[in-house]
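**Q** Just so you know, the sequences run in chain order R and E. Numbering of the first sequence is given in my numbering, commencing with residue 499 and proceeding in unit increments. Numbering of the second sequence is given in my numbering, commencing with residue 499 and proceeding in unit increments. In this text, a Cβ means the ideal position worked out from N, Cα and C, and glycines have one as well. Encoded as structure tokens, here's the structure I'll be asking about.
2 protein chains.
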Amino acid sequence: MRRGHVNIRKINIESAFSRFTETFSPKIVADLNGQQVKLVRAEGDKVPWHSHEKEDEMFFVLDGILDILWREGQAELHPGEFLVIPKGTLHRVVPKGHVKLLLFEPATTQHTGTVRSEITKDKLDRLA
Amino acid sequence: MRRGHVNIRKINIESAFSRFTETFSPKIVADLNGQQVKLVRAEGDKVPWHSHEKEDEMFFVLDGILDILWREGQAELHPGEFLVIPKGTLHRVVPKGHVKLLLFEPATTQHTGTVRSEITKDKLDRLA
């Protein structure tokens, strides 16, 4: 059992999105089991081909349409759809319009993998 | 890099829910980083107080209203809201009506923790 006060509070995803407007700047909204839940806005064809050597990455579309491309295929994700890109898989994402995404991934994940690009962030903001 | 064929496909959450009707029977829809994404329907006041010694547990409400109670407080979650119950925290959930939930938790998580009850499942079905 955990001792003392436990800080537990709910996150409303729409409210959290209302707190930022930047694109390609994932915001951490929860930490659990060494993983993080992040919210991100995406717009424009800016994400380079990249891979994550150690981390599987989950893309969950909340609003808008997101194309995800990998070597052998691609998928068009609509709201309420998600996809897991396994570690070591070269991939990129192309938003159609403005897209809101929820990501589940290890706390160690760099959003552009080992590739540095104009959108690479070294330190992410926290909304919760 | 991963060798050979990579099996990547999107999951549509509404379609996945249409494939089952049982309540309190979490269905695995994705595996990533030792974690699992599960979908579950909940209805009725059936979940006993329990805790997970090693696992933080995330409850994300997709449809309906879910009360989550812990020793020091409680929260009412509506669609688009989520909450993380830290490991070691005694908690229970009370659905108001029929609730659809997404869970994100380690593959090792037992849904009623170390407590056995009428709803305890030892082996979960997989939808993907």
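Quick check on DSSP: helix, strand or coil for E:Ile-563?
**A** Strand, per DSSP.
**Q** Alpha carbon to alpha carbon, how far is R:Trp-568 from E:Lys-544?
**A** Those two C-alpha atoms are separated by around 43 Å.
**Q** Along the alpha helix (DSSP H) that carries R:Phe-515, what are the first and last residues, could you check?
**A** Looking at the DSSP string, the run of the alpha helix (DSSP H) that includes R:Phe-515 is 511-515.
**Q** Does the contact criterion of 3 or more C-beta pairs under 8 Å hold for the segment 589-609 of chain R versus the segment 507-527 of chain E?
**A** Output reads no: the segment 507-527 of chain E does not touch the segment 589-609 of chain R.
**Q** Quick check on E:Gly-571 - is its C-beta less than 8 Å from some C-beta in chain R?
**A** Output row for E:Gly-571: interface = yes.
**Q** Identify, in the order they occur along the chain, each residue of the same chain with its Cβ nearer than 6 Å to the Cβ of R:Val-622, setting aside the five sequence neighbours on each side.
**A** Before going further, note that residue 622 of chain R is Leu rather than Val in the sequence given. These residues qualify, in order along the chain: Pro-524, Ile-526.
**Q** May I ask you to list, following chain order, the residues of the segment 520-533 of chain E that have a beta carbon less than 9 Å from some beta carbon of chain R?
**A** Hits within the stretch, in order: Val-527, Ala-528, Asp-529, Leu-530, Asn-531, Gly-532, Gln-533.
**Q** Interface residues of chain R around E:Phe-518 at Cβ under 9 Å?
**A** Simply none; closest approach about 17 Å.
**Q** I need the straight-line Cα distance from E:Gly-542 to E:Asp-561, nearest angstrom please.
**A** For E:Gly-542 and E:Asp-561, the distance between alpha carbons rounds to 15 Å.
**Q** Looking only at DSSP bridge pairs, what is E:Val-582 linked to?
**A** E:Val-582 pairs with E:Met-556.
**Q** Distance, Cα to Cα, R:Ala-605 vs E:Val-591?
**A** Going from the Cα of R:Ala-605 to the Cα of E:Val-591 covers about 27 Å.
**Q** What residues in the segment 555-584 of chain E have a beta carbon less than 7 Å from any beta carbon of chain R?
**A** Answer in chain order: Met-556, Trp-568, Glu-570, Gly-571, Ala-573, Leu-575, Gly-578, Glu-579, Phe-580, Leu-581, Val-582, Ile-583, Pro-584.
**Q** Suppose the cutoff is 6 Å on Cβ atoms and the five residues either side in sequence are ignored; what does the same chain contact list for R:Glu-555 look like?
**A** Ile-583, Glu-603.
**Q** Does the beta-carbon of E:Thr-610 have 16 or more other beta-carbons within 10 angstroms, so that it is buried, or is it exposed?
**A** By the neighbour-count rule (16 or more Cβ atoms within 10 Å), E:Thr-610 is buried.
**Q** With a threshold of 16 other CB atoms inside 10 Å of the CB of E:Asn-505, please say whether the residue is buried or exposed.
**A** Classification for E:Asn-505: exposed.
**Q** For R:Ser-549 versus R:Leu-588, is the C-beta distance shorter than 8 Å?
**A** Against a cut-off of 8 Å, the Cβ pair of R:Leu-588 and R:Ser-549 comes out as a contact.
**Q** Expressed to the nearest angstrom, what Euclidean distance is found between the alpha-carbon atoms of R:Ala-573 and E:Pro-593?
**A** Between R:Ala-573 and E:Pro-593, the C-alpha separation is close to 34 Å.
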